[in-house]
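Read in order, the letters of the sequence shown are residues 0 to 155 in numbering that gives the first Met the number 0.
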Amino acid sequence: MTGATAKMLPDGSIRFHAVAQGEYPLDFTFYIDPTHKLLRSVKSSFEAGGQKVSSTVQFSDIKMNPEFGPDEFTFVPEADVKVITKMPGELSKSENLYDPKLIVGALPFELKGKDLNGKTYTWSKFKGKVVLLDFWATWCGPCMLEFPSLLKNYKT
Numbered sequence: 000m001t002g003a004t005a006k007m008l009p010d011g012s013i014r015f016h017a018v019a020q021g022e023y024p025l026d027f028t029f030y031i032d033p034t035h036k037l038l039r040s041v042k043s044s045f046e047a048g049g050q051k052v053s054s055t056v057q058f059s060d061i062k063m064n065p066e067f068g069p070d071e072f073t074f075v076p077e078a079d080v081k082v083i084t085k086m087p088g089e090l091s092k093s094e095n096l097y098d099p100k101l102i103v104g105a106l107p108f109e110l111k112g113k114d115l116n117g118k119t120y121t122w123s124k125f126k127g128k129v130v131l132l133d134f135w136a137t138w139c140g141p142c143m144l145e146f147p148s149l150l151k152n153y154k155t
């Protein structure tokens, strides 16, 4: 982080500002509550590909030393949960803890999707080809940071 500054604001809160260096510098501002000295909000922003992306996270209803009842953290498993009594290396093939369709070399789940022009595609169209399937969202900072690399891969 560079250019870190701290400033007392009129309401008594503290504004801490810093910039994380890298290919896409991240600009962070942290606001500290004046009463309890706890983090109240975080603002972050960066620019990638000419687009500015920003987000604000607000922490509210913060309670100092709350009291919890004895049942507050009781674990109640779902009805179909299996109790594991062996470590994964001790299991037989019939006791696998994963979905066998997810192993290397297995056929992928059938998936359909549309491109930006509305044309429908299925996995079968790409059989025998390398497919990069990237799930991301515009509100996700790390996703947007990865977008230039994704675009570069698409163009090659």
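Beta carbons are placed, not taken as given, at the ideal position from N, Cα and C, and that holds for glycine.
Just so you know, these numbers come straight off a predicted model, no measurement behind them.
What would DSSP say about residue i, mapped onto helix, strand or coil?
i, result
"Lys6", "strand"
"Gly140", "helix"
"Lys128", "coil"
"Leu149", "helix"
"Ser123", "helix"
"Glu77", "coil"
"Lys154", "helix"
"Glu66", "coil"
"Glu46", "strand"
Taking the beta carbon of residue i as the centre, do at least 16 other beta carbons fall within 10 Å, making it buried, or is it exposed?
i, result
"Tyr153", "exposed"
Assuming residue i and residue j form a contact by the criterion Cβ under 8 Å, report the distance between their Cβ atoms to the nearest whole angstrom.
i, j, result
"Trp122", "Leu131", "Actually they do not touch by this definition, with Cβ atoms about 13 Å apart."
"Ser59", "Ile31", "The pair is not a contact, with the Cβ atoms about 15 Å apart (cut-off 8 Å)."
"Ser146", "Gly48", "The question names Ser, yet the displayed sequence has Phe at residue 146. About 7 Å; that satisfies the 8 Å criterion."
"Pro33", "Asp70", "Pro33 to Asp70, Cβ: 35 Å. No contact."
"Leu8", "Val18", "Their Cβ separation, rounded to whole angstroms, is 19 Å, which puts Leu8 and Val18 out of contact at 8 Å."
Evaluate contact between the region 35-55 and the region 128-140, counting only Cβ atoms and requiring at least three cross-stretch pairs below 8 Å. At 8 Å Cβ cutoff, the stretches touch.
Determine contact between the region 42-50 and the region 62-78, defined as no fewer than three beta-carbon pairs at a distance below 8 Å. They do not touch, by the three-pair rule.
Ranges of the alpha helix (DSSP H) found wholly within the region 13-40, counting only runs of at least 4: Here no run is fully enclosed.
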